[in-house]
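This note's numbering numbers the first residue of the sequence shown as 3 and each following residue consecutively. Note that beta-carbon positions come from the ideal geometry of N, C-alpha and C, so glycine has one too.
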Amino acid sequence: MDCVRFGIIGAGGIGGHHLQVIADRDDAEVTLACDVSETVTDRLAGARHAVTGDWQQVIASNDVDAVVVALPHHLYPTVVSAALRAGKHVLQEKPFAHSLEGALQTVAAARETGSVLMVCGQTKYQAGFQRARQIVEAGTLGDLFMVRGVITYRWSAAFEDRWGWRGDSKLSGGTAIIDSGWHILDLMNWFAGVPEFVYASTGGGNALPGAYDVDDRAVLTMDYPSGAVGVATISFICLPSQRKVTIHGTTGSIEIEPTVLKLHMGPEQDTEIITLKTESDALRPQMDHFLNLVRCGADPVEGALEALDVQRVIDAAYRSARSHTREALQSI
C-alpha cells in the first residue's frame with residue numbers, strides 16, 4: 003500500500019492535529035474528514051479532502067483505507083468496532099473506552115475482522131522517554147524496585163464551566179485517571195510492566211463545585227509481580243505543570259522528562275544530566291509506527307494490547323476508589 007488514504011472521525015481538537023500530521027506526509031493522505039461541529043466543518047471547507055458530518059459515511063467510503071478516531075470516550079466502542087468491521091484500519095485516540103468492557107468489545111472486533119487497531123500513546127514517542135527505555139532495557143539500573151509517575155497541570159476549562167461531556171462520568175468514565183492519567187500510567191506500564199494490584203484515592207469538584215461529577219485528582223499505589231511498587235500522582239487543577247517518571251533500581255535511578263534525563267548511579271550518587279533536542283511532535287513517530295503495522299500485515303491487535311493493559315489498571319483504580327480497598331486487575 004504505497005499511499006494510505008485516511009478518514010478522520012472527529013476532526014476538531016487532537017483530531018485536527020492528526021489531520022495535519024498526515025497532510026505533511028508523502029506516503030499518506032486525508033481523503034475525508036468528519037465532525038459534528040459546523041465550526042470545524044466550515045473551517046475545513048475548501049481543503050483538498052472532502053468534509054462530512056456523518057461518521058458512517060467515512061467508514062463506508064471506498065476512498066478510505068484507514069481512519070483516525072478522536073471522539074468522546076463513550077462513543078469509541080461503537081464507532082471503532084464499526085470501522086473495523088467495515089474493513090478499515092483504525093488509529094484511535096486514548097483512552098481505549100469509557101470502560102474496560104468497551105475496550106474488550108473493540109479488541110474482539112479487531113480480532114474478528116483482521117483490521118489493524120492501534121490506540122494512541124504518544125508520550126512514549128517523546129525523545130526523553132525513548133532514551134530512558136533504552137537505558138532501562140540495557141539493565142543499567144539493575145533490578146527495578148520502585149517507579150513514580152507525576153502528571154499535573156491546570157486545565158482552564160475546568161474553572162470556566164467548559165466541561166461538556168468530560169464532566170459527566172457516564173460519558174467520559176472519569177477524567178483525572180482515565181484521561182489525564184492515561185499518559186503517565188501508559189509510561190509506567192511501559193517501563194515497569196503491568197501491576198497486579200491498585201489502590202486509588204480520588205477527589206473531585208474543587209475547580210468549580212457542582213459543575214462536574216468526575217475525579218479531578220488522584221493518587222494511585224501499585225504492586226507489581228516482581229515485588230516492585232509504584233505511585234502515580236495525577237491532577238489537572240494544580241500547578242506547576244509536570245510530566246515526569248522516576249525509576250529506581252538496585253544500581254541506580256533515573257528521572258525522566260520529555261527532553262531531560264537525570265541518571266543517578268553508584269554509591270557516590272554520581273549524576274549525569276542528558277539534555278535532548280527540543281521536543282518534536284510525538285504524533286509523527288507514532289504515525290510512523292501505525293503505518294508500519296498496516297503495511298507489514300501485523301497482528302490486528304498488536305498496537306492495542308499495551309493500551310488494553312492501561313485500561314485494566316484504570317478499571318482497577320476506579321473500583322478501588324469506590325471500595326476504598328486494594329483491587330486486583332481483571333484477568334482477560
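Tell me the DSSP bridge mates of residue i?
i	result
Lys264	Glu257, Ile275
Ile180	None; Ile180 has no bridge partner.
His100	Beta-bridge pairing links His100 to no other residue.
Gly9	Leu34, Val69
Leu173	Answer is none; Leu173 lacks a bridge partner.
Thr154	Ser237, Gln244
Ala330	Phe199
Gly305	Met120
Leu293	None; Leu293 has no bridge partner.
His91	Ala68
So which of the options has the shortest CA-CA distance to residue i?
i	options	result
Ser203	Thr223, Asp215, Leu189, Gly195	Thr223
Asp170	Ala213, Cys122, Asn208, Trp157	Ala213
Ala234	Val149, Ala62, Leu241	Val149
Asp225	Cys240, Arg133, Pro197	Pro197
Lys172	Leu73, Ser101, Leu265, Glu270	Ser101
Ser117	Ala319, Phe292, Tyr320, Val312	Phe292
Leu307	Ile61, Ala105, Ala72, Val71	Ala105
Gly18	Ala134, Ala72, Ala112	Ala72
Ala99	Asn208, Lys264, Arg168	Arg168
Val221	Glu257, Pro269, Gly151	Gly151
Gln288	Gly123, Asn208, Ile11	Gly123
Ala49	Gln59, Ser39, Thr33	Thr33
Ile179	Gln128, Cys36, Asp217, Ile61	Asp217
Val138	Ala25, Val6, Ile256, Ala159	Ile256
Gly55	Ala13, Met267, Arg133, Asp301	Ala13
Lys126	Arg45, Trp184, Ala111	Trp184
Gln132	Pro227, Lys279, Gly268	Lys279
Leu77	Ser174, Ser39, Ile275	Ser174
Phe161	Ala88, Cys240, Asp26, Leu46	Cys240
Pro302	Ala111, Asp290, Arg156, Gly166	Ala111
Trp157	Thr115, His51, Pro242	Pro242
Ala88	Arg27, Pro227, Thr115	Thr115
Ala140	Ala159, Thr253, Ser39, Ser333	Thr253
Confirm, please, whether the CB-CB distance from residue j to residue i is below 8 Å.
i	j	result
Phe238	Ser182	yes
Val81	Trp57	yes
Ser322	Arg328	yes
Leu119	Gly299	no
Ala68	Lys96	no
Thr154	Gln244	yes
Gly229	Leu143	no
Val23	Asp283	yes
Gln107	Pro79	yes
Gly9	Ser63	yes
Val53	Thr41	no
Asp163	Leu86	no
Gly130	Glu259	yes
Phe277	Val262	It is Thr, not Phe, that sits at residue 277 in the sequence shown. Yes, Cβ-Cβ distance for Thr277 and Val262 is below 8 Å.
Ile11	Cys36	yes
Ala319	Val231	no
Report back the beta-carbon spacing between residue i and residue j to the nearest angstrom; my notes put them in contact at under 8 Å.
i	j	result
Val189	Val247	The displayed chain sequence assigns Leu, not Val, to residue 189. With 8 Å as the limit, Leu189 and Val247 qualify as a contact, their Cβ atoms being about 5 Å apart.
Leu295	Val109	With 8 Å as the limit, Leu295 and Val109 do not qualify as a contact, their Cβ atoms being about 15 Å apart.
Ile236	Ile316	Ile236 to Ile316, Cβ: 11 Å. No contact.
Trp192	Arg113	The pair is not a contact, with the Cβ atoms about 23 Å apart (cut-off 8 Å).
His2	Val66	For the chain, the structure presents residues 3 to 334; residue 2 sits outside this window and is missing.
Met3	Arg324	At roughly 46 Å, the Cβ-Cβ gap does not stay under 8 Å, so Met3 and Arg324 are not in contact.
Val6	Asp29	7 Å
Gly205	Arg219	5 Å
What do you reckon, is the C-beta of residue i under 7 Å from a heavy atom of the ligand GTP?
i	result
Ala178	This structure simply doesn't include the ligand GTP, nor any ligand for that matter.
What are the uninterrupted segments assigned as alpha helix (DSSP H) that are 4 or more residues long and contained completely in the segment 17-74, given in chain order?
Correct list: 40-46, 57-62.
My parser needs the alpha helix (DSSP H) runs of 4 or more residues fully inside the segment 102-151; what are they?
Entirely contained in the segment 102-151, the alpha helix (DSSP H) runs reaching 4 residues are, in chain order, 102-115, 129-139.
Please specify which runs of the beta strand (DSSP E), each continuous and at least 3 residues long, are wholly inside the segment 197-261, giving them in chain order.
As far as the segment 197-261 is concerned, its whole beta strand (DSSP E) runs of at least 3 residues are 199-205, 219-225, 231-237, 239-251, 254-258.
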